[in-house]
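Peer 1: Structure below; questions to follow.
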Amino acid sequence: MSISSDLRQTVHQLMPTAIENLKQLVSIPSIATEGYPDEKVLEAAHTTEELLRAAGFQHVRLLSPDGGRPAIYGEIPGPPDTPTVLLYAHYDVQPSGPIEEWSTPPFEPAERDGRLYGRGAADDKSGIVAHLATIRAFKEGTGKLPVGIKIVIEGDEEFDSSLASYIPQHPDLFKADVVVIADHGSITVGEPTLTTSLRGSAALTVEVRTLRAKQHNGVFGGPVPDAFIALCKMIASLHDEHGRVQIPGLEPSEWQGADVPEEAFRRAASLLPTANLLGGERSLSAQLWAGYSLNVIAVDMPAIEGAANSLIDVARARINLRVPSDQDAERAVAILKEHLVNITPWNATLVITDSHTCSGFVAKTDGPGYRAARQALREAYNVEPQDIGDGASIPLTNVLSQQFPEAEILIWGAEDLAAGIHGPDESVDLKELERIVLAQALFLQQLAQR
57 MSISSDLRQT VHQLMPTAIE NLKQLVSIPS IATEGYPDEK VLEAAHTTEE
107 LLRAAGFQHV RLLSPDGGRP AIYGEIPGPP DTPTVLLYAH YDVQPSGPIE
157 EWSTPPFEPA ERDGRLYGRG AADDKSGIVA HLATIRAFKE GTGKLPVGIK
207 IVIEGDEEFD SSLASYIPQH PDLFKADVVV IADHGSITVG EPTLTTSLRG
257 SAALTVEVRT LRAKQHNGVF GGPVPDAFIA LCKMIASLHD EHGRVQIPGL
307 EPSEWQGADV PEEAFRRAAS LLPTANLLGG ERSLSAQLWA GYSLNVIAVD
357 MPAIEGAANS LIDVARARIN LRVPSDQDAE RAVAILKEHL VNITPWNATL
407 VITDSHTCSG FVAKTDGPGY RAARQALREA YNVEPQDIGD GASIPLTNVL
457 SQQFPEAEIL IWGAEDLAAG IHGPDESVDL KELERIVLAQ ALFLQQLAQR
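In the working numbering, the protein residues as written are 57 to 506.
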């Protein structure tokens with residue numbers, strides 16, 4: 057029997073344990089943000105620590121980034137003169153949102169139709185379990201790993217990663233030839249992909265003021281400008297009739313990789329049957345992975361309940377801009393700021409605050425790690441893998457690429473488009489989880505031979 061067949065059989069036999077580990081982790085509401093108990097975050101950290109020890113990791117310990125939740129670290133030395141691989145995932149999760157929108161309670165993992173449902177089942181506790189099962193596949197098989205392994209499981213990825221400042225302070229812990237980030241996945245179950253680009257992002261808060269105080273809209277309405285109307289007028293001008301960002305100087309890039317199937321995308325996006333997709337003639341992939349998108353993610357305004365007949369004196373909005381991976385996020389936010397100043401109507405007062413950026417990421421695709429990963433995916437799935445992008449950002453990719461410019465960074469995982477991450481009924485396909493475990497195991501074998 058070939059090495060590939062041996063690993064395939066071993067991984068399959070390990071999946072019941074992997075699924076139980078995943079259920080154990082999903083049952084812990086490890087929401088690492090204000091308003092939620094730190095005890096549950098610490099419980100998830102200690103549970104992950106125990107799982108790493110049980111899988112055979114050495115020097116397992118909790119790291120304490122400044123101002124952040126604990127990260128769990130471990131190592132397994134490899135044979136002499138073999139590469140070192142750093143495995144990454146995170147145990148913190150998004151809040152569940154309204155419970156009534158879930159088919160089953162978010163922190164009571166439930167299996168239905170080959171998927172495991174629960175908050176964090178995909179993002180990113182599936183990544184933790186994939187790493188653990190990958191290591192166990194060698195422990196149960198040959199008894200040794202073909203390469204050296206380091207692992208870090210983060211505790212506050214969802215809300216401003218604290219590892220970003222910790223890694224430059226402790227570079228020896230994280231130095232590796234290849235970094236594997238298991239916090240993504242394929243578009244469609246059974247069709248393997250490598251994520252080779254991530255869009256950057258920029259965010260800022262816009263405040264528009266027209267009055268010193270609210271005024272009666274019957275007495276003053278008409279000639280007196282309303283701050284909220286001014287803000288709405290500005291926001292409405294930021295897109296053209298096709299929904300494309302129309303800000304001079306912000307031009308989209310081109311995309312040459314895989315495309316996104318429209319029907320699967322509409323389902324995953326929960327798009328209403330009557331709603332149109334935006335973007336004109338540009339493909340979905342070009343818009344998602346190589347184009348700009350701009351959204352208002354919050355508005356500070358009086359609520360409908362208790363509304364008064366008043367002209368609004370001040371209105372605020374939080375704007376998020378996604379930036380093509382090969383473009384400068386700092387330049388993009390500077391252009392956005394200048395444009396907002398230029399379009400402020402009626403000589404209203406504009407104040408822009410709380411601006412920050414995250415650069416995009418473009419992976420190396422000419423190294424031994426990338427080639428080994430493609431071969432591993434090909435063998436695990438029996439399908440030719442494709443390169444895709446992601447419209448979201450993973451800030452840690454930039455930190456790692458700046459700190460270790462020679463390292464290759466690979467992004468994959470079990471989070472397919474139907475996983476519904478950050479929304480109700482988040483889930484992971486359990487066969488896809490098995491395939492990514494097998495792919496990771498094959499990848500380590502392939503890398504050791506290059």
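The beta carbon of each residue, even a glycine, is placed where N, CA and C say it ideally should be. As the structure is a prediction and not an experimental result, all values here were calculated from the model.
1. Considering only DSSP beta bridges, list what residue 414 is partnered with.
2. Around the C-beta of residue 397, are 16 or more other C-beta atoms found within 10 angstroms, so that it is buried, or is it exposed?
3. Here's the rule: buried if 16 or more other CB atoms are within 10 angstroms of the residue's CB, otherwise exposed. What is residue 68?
4. Using a Cβ distance threshold of 8 angstroms, determine whether the stretch 82-101 contacts the stretch 138-155, with at least three qualifying pairs required.
5. Since residue 303 contacts residue 201 with CB under 8 angstroms, what's their CB separation in whole angstroms?
6. For the structure I just gave you, are there three or more beta carbon pairs, one from the stretch 260-268 and one from the stretch 160-180, closer than 8 angstroms?
7. Quick one: is residue 57 buried, meaning 16 or more other Cβ sit within 10 Å of its Cβ, or exposed?
8. Can you list, in chain order, the residues of its chain with a C-beta nearer than 7 angstroms to that of residue 184? Leave out the 5 residues immediately preceding and following it.
9. What number of angstroms, rounded off, separates the C-alpha of residue 298 from the C-alpha of residue 405?
10. Given a threshold of 16 other Cβ atoms within 10 Å of its Cβ, counted over all protein chains shown, does residue 465 qualify as buried or as exposed?
11. Using three-state DSSP, classify residue 298 as helix, strand or coil.
12. Which residues bound the beta strand (DSSP E) around residue 354?
13. Start and end of the beta strand (DSSP E) containing residue 445?
14. Rounding to the nearest angstrom, what Cα-Cα distance links residue 142 and residue 456 in this structure?
15. Quick one: Cα of residue 286 to Cα of residue 362, how far?
16. Only counting the same chain, and skipping five residues up and downstream in sequence, which positions put a Cβ closer than 6 angstroms to that of residue 504?
17. Between 365, 251, 192 and 194, which has its C-alpha nearest residue 273's C-alpha?
18. Buried or exposed: where does residue 327 fall if 16 or more other Cβ atoms within 10 Å of its Cβ makes it buried?
19. Is it true that the stretch 213-221 meets the stretch 421-432, where meeting means three or more beta-carbon pairs spaced less than 8 angstroms apart?
20. What three-state label does DSSP hand residue 57 in the structure shown?
21. Classify residue 407: buried if its beta carbon has 16 or more other beta carbons within 10 angstroms, exposed otherwise.
22. Whole alpha helix (DSSP H) runs in the stretch 433-492 with 4 or more residues, listed along the chain?
23. For the stretch 414-424 against the stretch 290-297, are there 3 or more C-beta pairs whose distance is under 8 angstroms?
24. If you run the structure through DSSP and keep just helix, strand and coil, what is residue 66?
25. What residue ranges within the stretch 355-433 form continuous alpha helix (DSSP H) runs of no fewer than 4 residues, ordered along the chain?
26. Ordered along the chain, which non-local residues of its own chain (more than five positions away) have a Cβ less than 6 angstroms from that of residue 374?
27. Give the list of continuous alpha helix (DSSP H) stretches no shorter than 4 residues that lie fully inside the stretch 149-207.
28. Looking at the structure shown, is residue 506 part of a helix, part of a strand, or coil, going by DSSP?
29. In this structure, does DSSP put residue 109 in helix, strand or coil?
30. Assuming residue 385 contacts residue 379 (C-beta within less than 8 angstroms), just tell me the rounded distance between them.
31. Taking the straight line between their C-alpha atoms, what separation do you get for residue 483 and residue 282?
32. Indicate the three-state DSSP secondary structure (helix, strand or coil) for residue 275 in the structure shown.
33. Report back the beta-carbon spacing between residue 63 and residue 111 to the nearest angstrom; my notes put them in contact at under 8 angstroms.
Peer 2: Checking against the coordinates, here is how it stands:
1. For the purposes of this step, residue 414 is taken as the residue at position 358 of the sequence shown. Paired residue(s): 257.
2. For the purposes of this step, residue 397 is taken as residue 341 along the sequence shown, with counting starting at 1. With fewer than 16 other Cβ atoms within 10 Å, it is exposed.
3. Walking along the sequence shown from the start, residue 68 turns up at place 12. The residue in question, residue 68, is exposed, as its Cβ has fewer than 16 Cβ neighbours within 10 Å.
4. yes
5. Taking the first residue of the sequence shown as position 1, residue 303 is located at position 247. Taking the first residue of the sequence shown as position 1, residue 201 is located at position 145. About 50 angstroms; that fails the 8 angstroms criterion.
6. no
7. Here residue 57 refers to the residue found at position 1 of the sequence shown. With a pLDDT of only 46 at residue 57, under 50, the local geometry of the prediction cannot be trusted, and no value is derived from it.
8. On the sequence shown, residue 184 is found 128 positions in, with the first residue counted as 1. Result list for residue 184: 81, 104, 145, 147 and 209, in chain order.
9. What you label residue 298 is simply residue 242 of the sequence shown in a count that begins at 1. What you label residue 405 is simply residue 349 of the sequence shown in a count that begins at 1. Distance between the alpha carbons of residue 298 and residue 405 is about 30 angstroms.
10. The residue labelled residue 465 in the question sits at position 409 within the sequence shown. Buried, since its Cβ has 16 or more Cβ neighbours within 10 Å.
11. Numbered from 1 along the sequence shown, position 242 holds the residue referred to as residue 298. Residue 298: coil per DSSP, three-state reduction.
12. By one-based count along the sequence shown, residue 354 stands at place 298. 349-356 is the extent of the beta strand (DSSP E) around residue 354.
13. By one-based count along the sequence shown, residue 445 stands at place 389. Here the beta strand (DSSP E) through residue 445 covers 442-446.
14. Stepping through the sequence shown from its first residue, residue 142 is reached at position 86. Stepping through the sequence shown from its first residue, residue 456 is reached at position 400. So the alpha carbons of these two residues sit roughly 11 angstroms apart.
15. What you label residue 286 is simply residue 230 of the sequence shown in a count that begins at 1. What you label residue 362 is simply residue 306 of the sequence shown in a count that begins at 1. Roughly 22 angstroms between the two C-alpha positions.
16. Sequence index remark: in the sequence shown, residue 504 carries index 448 (1-based). Result list for residue 504: 138, 202 and 203, in chain order.
17. Numbered from its first residue, the sequence shown carries residue 273 at position 217. Taking only the C-alpha atoms, the option nearest residue 273 is 365.
18. Here residue 327 refers to the residue found at position 271 of the sequence shown. Label assigned to residue 327: exposed.
19. no
20. In the sequence shown, the residue the question calls residue 57 occupies position 1. Only weak support exists for where residue 57 lies, its pLDDT of 46 falling under 50; the value from the coordinates is given anyway. If DSSP states are grouped into helix, strand and coil, residue 57 belongs with coil.
21. Here residue 407 corresponds to residue number 351 of the sequence shown, with the count starting at 1. Exposed: under 16 other Cβ atoms inside 10 Å.
22. 451-459
23. no
24. In the sequence shown, counting from the first residue as 1, residue 66 sits at position 10. In the structure shown, residue 66 sits in a helix (DSSP, three-state: H, G or I).
25. 385-399
26. By one-based count along the sequence shown, residue 374 stands at place 318. 261, 353 and 354, listed in sequence order.
27. 181-196
28. Residue mapping note: residue 506 aligns to position 450 of the sequence shown, counting from 1. Three-state DSSP puts residue 506 in coil, outside helix and strand.
29. On the sequence shown, position 53 is the one that residue 109 refers to. In this structure, residue 109 counts as helix in the three-state DSSP scheme.
30. The count along the sequence shown starts at 1 and reaches residue 385 at position 329. The count along the sequence shown starts at 1 and reaches residue 379 at position 323. Yes, they are in contact, since the Cβ atoms of residue 385 and residue 379 sit about 5 angstroms apart, within 8 angstroms.
31. Taking the sequence shown and counting its residues from 1, one reaches residue 483 at position 427. Taking the sequence shown and counting its residues from 1, one reaches residue 282 at position 226. Rounded to whole angstroms, residue 483 to residue 282 spans 44 angstroms at the Cα level.
32. Working through the sequence shown from its first residue, we reach residue 275 at position 219. It is helical.
33. The residue you call residue 63 lines up with position 7 of the sequence shown. The residue you call residue 111 lines up with position 55 of the sequence shown. That belief does not hold up - the Cβ atoms of residue 63 and residue 111 are roughly 16 angstroms apart, past 8 angstroms.
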